[in-house]
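Undergrad:
Chains as they are written, first to last, in the working numbering: chain S, 1 to 122; chain C, 1 to 493; chain D, 1 to 493.
(1) Less than 6 angstroms between C-beta atoms, sequence neighbours within five positions excluded: which residues of the same chain meet that for residue 270/D?
(2) For the alpha helix (DSSP H) containing residue 72/C, list its first residue and its last residue.
(3) Where does residue 446/D fall in DSSP's three states?
(4) At which residues does the beta strand (DSSP E) containing residue 364/C begin and terminate?
(5) With DSSP as the reference, label residue 54/S as helix, strand or coil.
(6) Report the three-state DSSP secondary structure of residue 494/D (helix, strand or coil).
(7) Beta strand (DSSP E) containing residue 83/D: first to last residue?
(8) Give the C-beta separation of residue 363/D and residue 461/D to the nearest angstrom, bearing in mind that I take them to be a contact with Cβ-Cβ under 8 angstroms.
(9) Identify which residue in 94/D, 181/D, 425/D has its Cα closest to the Cα of residue 256/D.
(10) Hey, residue 100/C and residue 13/C: beta-carbon distance below 7 angstroms or not?
(11) Quick check on residue 129/C: does DSSP put it in helix, strand or coil?
(12) Let me know if residue 493/D comes out buried or exposed under the rule of 16 or more other beta-carbons within 10 Å of its beta-carbon.
(13) Sorted by chain position, which residues of the same chain lie with C-beta nearer than 7 angstroms to residue 198/C's C-beta, five sequence neighbours on each side aside?
(14) Got a sec: is the Cβ-Cβ distance from residue 10/S to anything in chain C below 7 angstroms?
(15) Could you tell me whether the segment 379-391 of chain C touches the segment 278-290 of chain C, where touching means 3 or more Cβ pairs closer than 8 angstroms?
(16) Can you tell which of 179/C, 193/C, 20/C, 184/C has its C-alpha closest to the C-alpha of residue 73/C?
(17) Nearest by alpha-carbon distance to residue 34/C: which of 85/C, 93/C, 50/C, 65/C is it?
(18) Taking the beta strand (DSSP E) that residue 59/C falls in, what are its first and last residues?
(19) If I follow the unbroken beta strand (DSSP E) through residue 73/D, where does it start and stop?
(20) Would you say residue 396/D lies against chain C (beta-carbon separation less than 7 angstroms)?
(21) Which chain C residues sit within Cβ distance under 7 angstroms of residue 46/S?
(22) Within 7 angstroms of any Cβ in chain S, is that where the Cβ of residue 473/C sits?
(23) Start and end of the alpha helix (DSSP H) containing residue 441/C?
(24) Do you know offhand how far residue 227/D's Cα is from residue 275/D's?
(25) Whose Cβ in chain C lies nearer than 7 angstroms to the Cβ of residue 97/S?
(26) Excluding the 5 residues flanking residue 98/S on each side, which residues of the same chain have their C-beta closer than 8 angstroms to its C-beta?
(27) Please list, in chain order, the chain S residues whose beta carbon lies closer than 7 angstroms to that of residue 185/C.
(28) Below 7 angstroms between beta carbons: does that hold for residue 28/D and residue 126/D?
(29) Could you tell me whether the Cβ of residue 174/C comes closer than 7 angstroms to any Cβ of chain S?
(30) Mind listing the chain S neighbours of residue 242/C? Cutoff is C-beta to C-beta under 7 angstroms, in chain order.
(31) Along chain C, in chain order, which residues have C-beta atoms closer than 7 angstroms to that of residue 82/D?
(32) Could you tell me how far apart the beta carbons of residue 65/S and residue 157/C are, in whole angstroms, since I believe they sit closer than 8 angstroms?
(33) Quick check: is any heavy atom of the ligand FMN less than 6 angstroms from the C-beta of residue 165/C?
(34) Give the secondary structure of residue 201/D by DSSP, where H, G and I count as helix, E and B as strand, and everything else as coil.
(35) Kindly indicate if chain D contains any beta-carbon less than 7 angstroms away from that of residue 407/C.
(36) Mapping DSSP to helix, strand and coil, what is residue 160/D?
Here you go:
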């Protein structure tokens with residue numbers, strides 16, 4: 001039945017790509033991008049659960065009997081909002097980090113921390 | 001009115017958050033936070049009284065009936081945490097006023113209080129809710145606000161610490177989301193009680209197993225269990241002092257509670273501890289946490305980093321307790337959860353006083369502290385003895401309970417790890433006491449001004465509480481007892 | 001005195017048991033209050049000490065009445081209780097009577113050697129005595145453990161009193177070794193005992209009698225004896241010589257009055273009331289520990305021979321003499337046990353005399369090495385007379401009281417058919433002859449080196465050793481009287 005499960009393979013691939021970006025890239029913005037991709041894969045996972053065979057979008061309309069399950073969509077709206085908030089906060093931090101350190105590369109950031117002594121400038 | 005208490009408890013801090021910002025005044029913002037904390041403490045106490053006899057309070061949000069609607073469940077297993085979180089919030093409110101004024105620029109203070117209100121909301125929400133997705137939402141509210149709170153610390157390292165925490169914390173939260181999703185896919189329900197009823201039939205399902213694992217790994221990140229503890233030292237050490245105090249006493253504790261709630265009353269001990277080897281994994285990781293955390297603390301040169309690593313070790317104690325999956329073990333976990341929160345809160349509060357008066361919390365700056373600031377040093381010494389587990393402190397009571405539970409289950413190696421960790425605690429606490437007592441105050445430790453009364457009182461209130469609970473542990477012990485029976489007993493969930 | 005005291009301390013007034021603990025604490029408080037009035041402070045200390053001695057001695061008439069005071073229930077199933085029994089009262093009497101003498105001695109010593117921080121010194125002294133009283137009067141293992149740990153923490157700053165790096169290092173060794181043994185070995189032993197027997201109360205005939213197999217008993221016995229680090233069994237004896245960096249009054253306190261006597265007292269108490277002499281006699285539980293004690297006895301004796309520093313020699317002598325008491329406990333028969341208990345008393349009185357003399361020598365002429373003591377017997381006749389009497393007592397020759405304790409131990413070893421141990425005991429006596437008598441010989445029979453002649457040390461430094469030397473003589477005459485109550489308990493299973 002792997003034919004109808006291709007969705008899950010895609011989701012899994014996206015998940016791993018996202019995680020890989022987070023782990024492997026040193027640039028803070030790229031980490032956030034990876035995080036976003038990772039989160040998007042989870043959104044897709046939920047929505048794919050909700051799909052009912054031959055169901056249409058969960059919007060009440062005349063003449064349609066079968067709808068996809070609306071609850072996952074609702075859950076994902078919440079999760080998308082959470083994701084947006086996280087990204088916004090992350091980017092705000094990135095801006096501040098750039099102002100303070102002058103770089104967004106993790107290695108350089110750690111170097112500069114070590115160089116300025118164990119205490120950061122107060 | 002009393003029927004609405006479970007909801008009020010979360011709603012009041014939530015409403016206070018924007019109010020903190022609206023008034024644009026530091027005092028008004030502080031007052032709003034204090035009010036929110038006092039209100040939630042009041043609600044918690046009232047609800048504690050109501051569930052004291054083993055009852056359970058259920059509240060349907062918006063009048064929608066579970067399992068379709070979201071419900072809040074207050075019972076023996078979350079009352080200790082409600083009381084703990086709200087009490088710590090009150091103490092931090094009293095403590096934080098002067099501390100934050102000295103560490104944060106004045107234009108940001110209302111923002112910080114707003115974030116504290118949101119954090120309080122999130123924590124109380126995780127504790128009160130009876131719906132798994134709702135738990136995720138509140139977890140994210142709490143986490144996001146804590147990222148912002150940590151970022152407001154002095155120095156640019158706070159920003160990096162907050163970012164690191166954001167990345168790893170979000171990965172953890174998304175894992176929880178995945179797990180919840182898989183569980184939903186298998187059962188079609190998001191209500192904890194409903195899941196507990198439906199899941200036993202689905203135990204062989206691999207999606208369910210995967211979902212459970214995802215959920216637990218996600219919570220493990222939030223709890224900072226070894227080896228997912230990397231974010232904790234930087235986050236706790238670089239945050240503003242009042243924030244460190246609050247987070248150290250509540251953040252990981254609520255995550256631990258959530259783990260226990262999911263393990264015992266959602267997925268069920270039969271799945272988690274018998275089919276999945278989470279008991280053995282839990283005990284092994286707990287032992288490693290105890291040893292690594294305490295060992296790392298011995299090498300630190302900064303007091304707050306030392307305390308943060310010590311927290312990693314103590315999370316290990318709590319995890320060891322519930323990984324035994326016995327009533328005694330869970331009881332020991334709850335006991336140490338409460339006791340450690342009080343002790344660690346007081347230590348970070350004392351560190352905040354040092355930051356205010358000395359401008360630094362590096363260990364070398366503490367030379368001769370016994371002479372220049374005897375009250376603060378006394379607080380650190382007494383609370384430090386609590387970390388070691390000296391009799392007559394709260395730390396001893398919970399260590400005794402844990403040792404009894406471990407010996408009863410024949411877990412000799414974990415017991416040995418716990419004892420070695422306590423001995424390492426002697427080393428790092430002894431270092432602090434030695435530096436403060438036996439060394440001469442150096443020029444750089446000239447303490448400026450006097451300790452504000454509010455900060456001293458708040459710190460000593462927590463220290464005295466830890467001493468009191470060491471001598472008369474009836475209150476934490478009865479709370480832990482009720483919690484353990486509610487979690488593991490027949491009516492769990 | 002008998003009638004009057006048994007009236008005010010009738011069995012109904014079990015509260016009387018709190019007085020020996022409360023009095024020293026009161027003294028400590030008074031010392032803190034009088035910190036700016038040295039003479040008043042020290043007089044108060046001595047006065048309360050004398051009062052304590054009187055109170056404790058007045059408890060003897062009630063010793064067979066099973067007086068018990070339950071303080072409160074601390075943890076479920078564990079209560080903090082005090083009870084009066086002969087062995088405990090013996091230890092308490094020794095500590096209470098010797099405390100005021102030590103205080104008088106310290107007054108003279110500290111003044112002559114211009115020590116600082118005396119308020120802290122006298123306060124911690126008082127706290128240590130309170131803890132010793134607590135240990136002596138404990139009714140169960142948990143209560144005892146609390147007092148035991150408080151004693152460690154109260155005496156740690158006393159060891160590092162000088163505040164210099166050597167003092168800190170000695171203090172560190174002291175604290176670490178004692179805590180490693182107590183938390184790593186003794187605490188698990190106590191928890192295990194509690195789980196095996198359901199309680200940790202001391203019971204005549206042994207708590208664990210018939211409750212555990214021989215293997216378990218053997219392991220538990222070893223855990224206890226090694227865990228009681230204050231009894232300085234090798235290899236955990238290192239703290240004793242390390243603690244010699246402390247001022248001599250502290251050494252006198254540690255090595256005769258509080259710490260080491262607490263250690264061997266707990267060994268005796270555990271052997272009698274937790275295991276029971278019959279249980280110990282039957283199995284193999286004591287075989288290994290018997291040889292550990294024997295080895296400690298001999299090795300420490302040899303190390304004493306090789307030490308030139310007087311205090312160091314006395315320290316190793318203490319390690320060796322403590323092993324006598326432990327040996328008495330491991331021989332597991334009535335005679336040997338009584339010998340061990342008597343040795344606790346005779347060694348305390350004898351060793352404190354020796355330390356007082358060492359202090360007097362230091363005060364008078366700043367000499368601290370055995371090789372420097374030539375001819376001093378003529379310059380300081382009283383001091384060295386006391387030294388000689390005490391040395392005879394320690395070696396076990398008449399007219400020293402120690403002869404009776406060694407005699408009883410030899411009898412006990414013979415009764416247990418342990419010819420090898422008889423040889424060990426005799427060898428130990430020869431060793432003590434070898435490390436103590438040459439000092440006497442040098443002092444009296446060698447000429448004084450050229451140089452200024454100085455006389456005795458001040459009165460307050462010379463009178464205490466003379467008094468305690470007289471007590472050694474008194475014990476020679478009255479040993480039977482001292483040990484009778486203990487024999488009653490030992491004989492009645």
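All C-beta atoms, glycine included, are put in the ideal place defined by N, C-alpha and C.
TA: Here's the rundown:
(1) 224
(2) From DSSP, residue 72/C is part of no alpha helix (DSSP H) but of the beta strand (DSSP E) over 71-74.
(3) coil
(4) Counting along the chain, residue 364/C falls outside any beta strand (DSSP E), and DSSP gives it neither H nor E.
(5) coil
(6) Absent from the structure is residue 494/D, since the part of chain D shown begins at 1 and ends at 493.
(7) 78-83
(8) 5 angstroms
(9) 94/D
(10) no
(11) strand
(12) Note on residue 493/D: pLDDT 49, under 50, position unreliable in the model; no value is reported.
(13) 187, 189
(14) no
(15) no
(16) 193/C
(17) 93/C
(18) 57-60
(19) 68-75
(20) no
(21) 181
(22) no
(23) Counting along the chain, residue 441/C falls outside any alpha helix (DSSP H), and DSSP gives it neither H nor E.
(24) 15 angstroms
(25) 159, 160, 163
(26) 104
(27) 49
(28) yes
(29) yes
(30) Those within 7 angstroms of residue 242/C in chain S number zero; the least Cβ separation is about 17 angstroms.
(31) In chain order: nothing, as chain C lies at least about 15 angstroms away.
(32) Contact doesn't hold; Cβ gap of about 59 angstroms is too wide.
(33) In the structure on display, the ligand FMN does not appear, and there are no ligands present to speak of.
(34) strand
(35) yes
(36) coil
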